[in-house]
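The block underneath contains the structure these notes are about, expressed in structure tokens.
Numbering (our numbering), first residue to last: 530 to 905.
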């Protein structure tokens, strides 16, 4: 369980993990655990990160005021997360997660989305212990999705993806739309840099058009690596804009990658880390699934698609599949807008060379789609 806690706090939101072969990544996990547990014998002494100290101070106060609530001191992290810090504990003997948010706006948004998605049965339960900065939620049993492969059979691995397709189809059917959640805002301008409020509350039409407009402006004034590929991808999005947006809009998790999907052996448990949820629709969800496929295991898409169509009750029509292929790189275009469409690139983006990384990510997704088309 220390491993799961560690991964919940991985810095940078793991936004590029869908395109990494996770079998290679697993080799680094022991090093991550070792670094995260290099704490003094008295874990609360020493040179503790001030963000972790702040989270502990708030959580300690909650524990002291709440009967039968405990913090698992053995699993204190060696580093806090970028936007939140997740610590383990127990409430009435049941495993829970304390999720401390460094930004209260993110906490409020995740809490709201968790409440909206409770009826799906595939997100953690929220415990009614109120705090401005901390959510106390159920700790789903198991490990991040990509880590269970080596411990189950190939048939069980295929079955997990089939389950994922079924669950996604159920969520798409009942996902809260604008009539059940706060309506997406049409009059919301994007502020400079990363604008969290715009990201999570602009309606889908406004959000989609803004991403296309800003990204197109960058391409018109730049000569970037893979320029023609980028232009073709963006032109396809623009040309199919009305058909894409004709699908029903609803709230959906944006951080769709296999570190935020929990499985216990061959059984899917649910999704975590919903603070980046925003407006989406069916073709954008399916496009994200396609983008999550890795070159060494292209069959994942057919496994998910089979499960999805089973719950849907019929096969996906060719237009839906085509539009899903077109929008598959859209999540990367969102990052492109943030990294290339701002006047001043943040230091953390410079350090990670994210401008060039996101161009490569778009190219990788386009190549994945071409590979999927070739075997369909």
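For glycine and all other residues, C-beta sits at the position ideal for the given N, C-alpha and C.
Give every residue of the same chain whose Cβ lies closer than 7 angstroms to the Cβ of residue i, excluding the five residues on either side of it in the sequence, and list them in chain order.
i           : result
residue 540 : Its pLDDT being 32, under 50, residue 540 is placed unreliably in this model, and the coordinates cannot settle the point.
residue 550 : Reliability of the predicted coordinates at residue 550 is poor, the pLDDT of 36 falling under 50, and the value obtained from them is presented with this limitation in mind. Within the same chain, residue 550 has close Cβ partners 823, 825.
residue 800 : 651, 652, 782, 789, 790
residue 696 : 651, 797
residue 559 : Low per-residue confidence applies at residue 559: pLDDT is 33, beneath 50, and the placement is therefore not dependable enough to give any value.
residue 895 : 758, 762, 858
residue 835 : 691, 694
residue 644 : 655
residue 785 : 817, 821
Could you tell me which of the options sits nearest to residue i, measuring between CA atoms?
i           : options            : result
residue 869 : 802, 723, 584      : 723
residue 598 : 866, 626, 820, 750 : 626
residue 694 : 651, 735, 734      : 651
residue 624 : 638, 642, 644, 655 : 655
residue 897 : 835, 876, 865, 818 : 818
residue 649 : 631, 621, 702, 636 : 702
residue 589 : 665, 642, 647, 657 : 665
residue 700 : 727, 739, 642      : 642
residue 670 : 795, 733, 891, 682 : 795
residue 732 : 828, 778, 842      : 778
residue 620 : 596, 747, 838      : 596
residue 806 : 725, 577, 603      : 725
residue 580 : 891, 631, 676      : 631
residue 754 : 578, 615, 584, 891 : 891
residue 770 : 637, 739, 668      : 739
residue 727 : 863, 874, 582      : 863
So, is residue i buried or exposed, given that buried needs 16 or more other C-beta atoms within 10 angstroms?
i           : result
residue 882 : exposed
residue 730 : buried
residue 684 : exposed
residue 810 : buried
residue 633 : exposed
residue 750 : exposed
residue 867 : buried
residue 905 : exposed
residue 613 : buried
residue 858 : buried
residue 899 : exposed
residue 680 : exposed
residue 474 : Since the first residue shown for the chain is 530 and the last is 905, residue 474 is missing from the structure and cannot be characterised.
residue 576 : exposed
residue 860 : buried
residue 615 : buried
residue 584 : buried
Could you name the residues of the same chain whose beta carbon sits closer than 8 angstroms to that of residue i, not counting the 5 residues immediately before and after it, in chain order?
i           : result
residue 587 : 629, 660, 662, 663
residue 772 : 848, 852
residue 901 : 819, 822, 827, 830, 854
residue 591 : 598, 627, 658, 660, 663, 665
residue 745 : 763, 767
residue 635 : 612, 613, 725, 804
Could you round the C-beta distance between residue i and residue j to whole angstroms and report it? I think they count as a contact, below 8 angstroms.
i           : j           : result
residue 812 : residue 766 : At roughly 11 angstroms, the Cβ-Cβ gap does not stay under 8 angstroms, so residue 812 and residue 766 are not in contact.
residue 840 : residue 830 : Their Cβ separation, rounded to whole angstroms, is 16 angstroms, which puts residue 840 and residue 830 out of contact at 8 angstroms.
residue 704 : residue 780 : 6 angstroms
residue 763 : residue 743 : Not a contact, Cβ separation roughly 11 angstroms.
residue 774 : residue 737 : 6 angstroms
residue 698 : residue 808 : No, residue 698 and residue 808 are not in contact; Cβ-Cβ is about 19 angstroms, not under 8 angstroms.
residue 759 : residue 748 : 6 angstroms
Below 6 angstroms CB to CB, which residues in the same chain sit around residue i once its five sequence neighbours on both sides are set aside?
i           : result
residue 601 : 617, 618
residue 639 : 803, 804
residue 832 : 687, 690, 691
residue 776 : 810, 811, 812
residue 815 : 853
residue 674 : 787, 790, 792
residue 678 : 686
residue 865 : 744, 887
residue 878 : 868
Examine the ligand ADP and report whether any of its heavy atoms sits within less than 6 angstroms of the Cβ of residue i.
i           : result
residue 847 : As for the ligand ADP, it is missing from this structure, which has no ligand bound.
**Asked** Is there contact between the segment 871 to 890 and the segment 842 to 849, where contact requires at least three CB pairs shorter than 8 angstroms?
**Response** Not touching, per the Cβ criterion.
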